[in-house]
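Student: Taking the UniProt record's numbering, the leading residue of the sequence shown gets 1, the next gets one more, and so forth.
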Amino acid sequence: MPAILDQARTQVLGDGVGLDQAGILAVLNLPDEHLPAALQLAHDVRMRWCGPEVEVEGIVSLKTGGCPEDCHFCSQSGLFTSPVRSVYLDIPSLVEAAKQTAKTGATEFCIVAAVRGPDARLMKQMREGVAAIRAEVDIQVAASLGMLTQEQVDDLVDMGVHRYNHNLETCRSYFPNVVTTHSWEERWETLRMVRDSGMEVCCGGILGLGETVEQRAEFAAQLAELAPHEVPLNFLNPRPGTPLGDRPVVEGKDALRAIAAFRLAMPRTILRYAGGREITLGDLGTRDGLLGGINAVIVGNYLTTLGRPATADLDLLAELKMPVKALSDTL
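Here's what the structure looks like:
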């Protein structure tokens, strides 16, 4: 057994204390023959510190495309030639999407907008949309609207939004290679305000943007410092017309190593499968990740890419005897 796994068994599984950056890097560098042991340990950590339940979520875009930012992975940027055009979703369609999400057994519905930050029009739509959903659907509402002001944070709390997603995307040292129209620090400040407001913090990123393994470890350590309630783990699905459109996808074993490493860095955090897992891991890898530290899943389609059918993920969870988390006011 590699020394880092012995250390993690005592420190993370035994005491609930996550690995530091050096320890995370050691897991990310484990040879293939030790990957099953790392995944088993990550699963044991998840079961001990989070329990067997899996949180299921659906997402929908309230405002798609036409974003002024230059996130190099994103087909919704208005600065690239990717074939996504700006469009708003009306409130009845938003409510219907929430209803369909709830029918899958999901406990959370996340409203997403492709913007630098919300303007008055978008905040008004959010207020109307959240109120309409809460009146008709028994589901928690989360939001992802870019960078916020303190007033906007307070407004979202008042609306009843219980969790806010704002991904750091990658580590601080690599961020300028991925985004130039705003800074990593600006994102961090939004997350600080959200955390201080009492809303739950959802913050993750995308692996495979061109970062080194060392920077991947840096990213996991920075997320652990933030201590978000949830970390959505995406794997780059290269989009035509974006600056990263020609990048190769993450190797399946590297993706699984990352899942184990992120779990061992954050033993108590909800670690959610998000975009790109279908092309990076496929069906078998999806199963391996659920048995290697993952305890939440986005079901159905993503914002601009197709996902697995919701029934496929729910059937897999049933086969693995992993109960779907029941709806609760605290989640």
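All C-beta atoms in this analysis are idealised placements derived from N, C-alpha and C, irrespective of residue type, glycine included.
Between which residues of its own chain and Q7 is the CB-CB distance below 8 Å, once the five residues before and five after are set aside?
Tutor: Cβ within range, chain order: L19, G23.
Student: Touching or not, the segment 193-209 and the segment 248-266, by the rule of three or more beta carbon pairs under 8 Å?
Tutor: Taking 8 Å as the limit for Cβ pairs, the verdict is that the segment 248-266 does touch the segment 193-209.
Student: How many Å lie between T107 and N29 at the Cα?
Tutor: Using only the alpha carbons, I get a separation of about 36 Å.
Student: Would you kindly work out how many angstroms separate the C-alpha atoms of residue 334 and E33, rounded to a whole number?
Tutor: Because the chain here runs from 1 to 331, residue 334 falls outside it and cannot be looked at.
Student: When you compare each of R195, N167, V194 to S183 by their alpha carbons, which one comes out closest?
Tutor: Ranking R195, N167, V194 by Cα distance to S183 puts N167 first.
Student: Between the Cα of A120 and the Cα atoms of T149, I111, E57, A142, which residue gives the shortest distance?
Tutor: With distances taken between Cα atoms, A120 lies closest to T149.
Student: Would you kindly work out how many angstroms separate the C-alpha atoms of L226 and G160, rounded to a whole number?
Tutor: So the alpha carbons of these two residues sit roughly 23 Å apart.
Student: Helix or strand or just coil, what does DSSP make of residue 345?
Tutor: Nothing can be reported for residue 345, as the shown portion of the chain is limited to 1 through 331.
Student: Please name the residue in V137, L233, M1, A260 whose C-alpha comes closest to that of G275.
Tutor: Nearest C-alpha to G275: L233.
Student: Name the two residues that bound the continuous beta strand (DSSP E) containing V137.
Tutor: Run containing V137: none; DSSP gives neither H nor E here.
Student: Going by DSSP, which residues form a beta bridge with C110?
Tutor: I59, A142.
Student: For Q152 and I59, I'd like the C-alpha separation in whole angstroms.
Tutor: Whole-angstrom Cα-Cα distance: 21 Å.
Student: Can you tell me the Cβ-Cβ gap for V231 and M266, rounded? I've got them flagged as a contact below 8 Å.
Tutor: That pair is a contact at about 6 Å.
Student: Please report the straight-line C-alpha distance between C171 and V179, rounded to a whole angstrom.
Tutor: Roughly 12 Å between the two C-alpha positions.
Student: Taking E128 as the reference, give the member of A102, L89, K103 with the closest Cα.
Tutor: Of A102, L89, K103, the residue nearest in Cα terms is L89.
Student: Straight-line CA distance for I111 to G105?
Tutor: C-alpha separation (whole angstroms): 17 Å.
Student: Output the boundary residues of the beta strand (DSSP E) element that contains L271.
Tutor: L271 -> beta strand (DSSP E) spans 270-273.
Student: Where does N237 sit, in a helix, a strand or coil, going by DSSP?
Tutor: Looking at N237 - three-state DSSP - the assignment turns out to be coil, as it is neither helix nor strand.
Student: Check whether the Cβ atoms of T242 and H72 lie closer than 8 Å to each other.
Tutor: For T242 and H72, yes; Cβs fall inside 8 Å.
Student: Can you check DSSP and say which residues form a bridge with P232?
Tutor: BP columns for P232 point to R272.
Student: Using only CA atoms, which one of E200, G289, R187 lies nearest to F235?
Tutor: F235 has its Cα closest to that of G289, out of E200, G289, R187.
Student: Inspect the CB distances between the segment 89-104 and the segment 37-53 and report whether three or more fall short of 8 Å.
Tutor: Because the criterion of three Cβ pairs below 8 Å is not met, the segment 89-104 and the segment 37-53 do not touch.
Student: Drop a sphere of 10 angstroms on the beta-carbon of P118, count the other beta-carbons inside from all chains shown, and report buried for 16 or more, exposed for fewer.
Tutor: Per the 10 Å Cβ criterion, buried.
Student: Taking DSSP as the reference, what is the three-state secondary structure of A296?
Tutor: In the structure shown, A296 sits in a strand (DSSP, three-state: E or B).
Student: Figure out for me which residue from Q11, C67, L320 has the closest Cα to the Cα of T181.
Tutor: If we check each option's Cα against that of T181, C67 comes out closest.
Student: Which residues bound the alpha helix (DSSP H) around R277?
Tutor: First-last of the alpha helix (DSSP H) with R277: 277-280.
Student: Just tell me which of D70, E136, E278, Q125 has its CA closest to the CA of Q100.
Tutor: Of the listed residues, the one whose Cα sits closest to Q100 is E136.
Student: Whose CA, out of M147, I139, Y273, lies closest to the CA of V54?
Tutor: Ranking the options by Cα distance to V54, first place goes to Y273.
Student: Answer yes or no: do L145 and A97 have a C-beta to C-beta separation smaller than 8 Å?
Tutor: No.
Student: Between which residues of its own chain and L122 is the CB-CB distance below 7 Å, once the five residues before and five after are set aside?
Tutor: The answer, listed in chain order, is K63, A113, V115, L145.
Student: Taking its Cβ as the centre, do 16 or more other Cβ atoms sit within 10 Å of V84, making it buried, or is it exposed?
Tutor: Reliability of the predicted coordinates at V84 is poor, the pLDDT of 40 falling under 50, and the value obtained from them is presented with this limitation in mind. Buried: at least 16 other Cβ atoms inside 10 Å.
Student: Just confirm the distance between the C-beta atoms of M147 and R187, as a whole number of angstroms; I'd bet it's less than 8 Å.
Tutor: Contact flag correct, Cβ pair sits at about 7 Å.
Student: Using the Cβ count rule (16 or more neighbours within 10 Å means buried), how would you classify L191?
Tutor: That one is buried.
Student: Can you give, in chain order, each stretch of the beta strand (DSSP E) that sits fully within the segment 140-206 and has at least 3 residues?
Tutor: Runs of the beta strand (DSSP E) inside the segment 140-206: 140-144, 163-165, 200-202.
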